[in-house]
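So the structure is just underneath, and the comments pick up after that.
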Amino acid sequence: RLNPIEVISHINGDLNELIDSTAKLTNDGKAVTTIIAQVSIQCREVFCVRDLESGEIVQGDTDGQPRDVTHLVRFEICIKDSQEGDFEIGRWQITDWDDLLDGNVWFT
């Protein structure tokens with residue numbers, strides 16, 4: 413059985429090994445890590461989509477009343493890291509909304 417210091421040391425060693433191995437896959441020697449956050453957003457919305465030519469409602473509700481809805485949004489950001497301590501943070505991007513884009517390629 414490992415004590416907490418040994419556990420941290422073991423994890424740190426594994427992370428350094430992961431950084432080294434993934435850094436070999438890039439041209440600049442930096443490991444690229446993707447952080448994924450799925451967020452449940454609760455809101456009130458009025459949703460109605462009409463066909464411009466016919467005026468027919470093709471999606472949503474006709475009464476114009478707000479409804480409580482929950483949307484699932486997936487955000488991703490890439491981070492580059494190296495053993496030397498160089499660290500680059502990318503920009504958050506929305507990669508999926510209510511599973512309309514079938515998620516990320518890594519999860520399909």
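Each residue of the sequence shown is one higher than the one before, starting from 413 at the first, in my numbering. No residue lacks a Cβ here, since even glycine has one placed at the ideal position from N, Cα and C. All figures in this text were calculated on a predicted structure; none of them were measured in a lab.
Per DSSP, E500 is one residue of the beta strand (DSSP E) stretching across 499–501.
Around the beta carbon of K436, fewer than 16 other beta carbons sit within 10 angstroms, so the residue counts as exposed. Boundaries for G467: no beta strand (DSSP E) harbours it, and the DSSP string shows neither H nor E there. In the three-state scheme derived from DSSP, where H, G and I count as helix and E and B as strand, L430 is classed as helix. Within its own chain, the residues whose Cβ lies closer than 8 Å to the Cβ of F499, once the five positions on either side in sequence are excluded, are I491, K492, D493, listed in chain order. In this structure the segment 463–471 does not touch the segment 496–512; the number of beta carbon pairs closer than 8 Å is below three. Under DSSP, A435 shares a beta bridge with no residue. In the three-state reduction of the DSSP assignment, V458 falls in the coil class, being assigned neither a helical nor a strand state.
Within the same chain, Cβ atoms closer than 6 Å to the Cβ of R486 are found at Q450, T507, D508, the five residues on either side in sequence being excluded. If you draw a straight line from the Cα of I423 to the Cα of D432, it comes to about 14 Å.
Distance check between A443 and each of R503, Q505, W504, E496 places E496 closest, using alpha-carbon atoms only.
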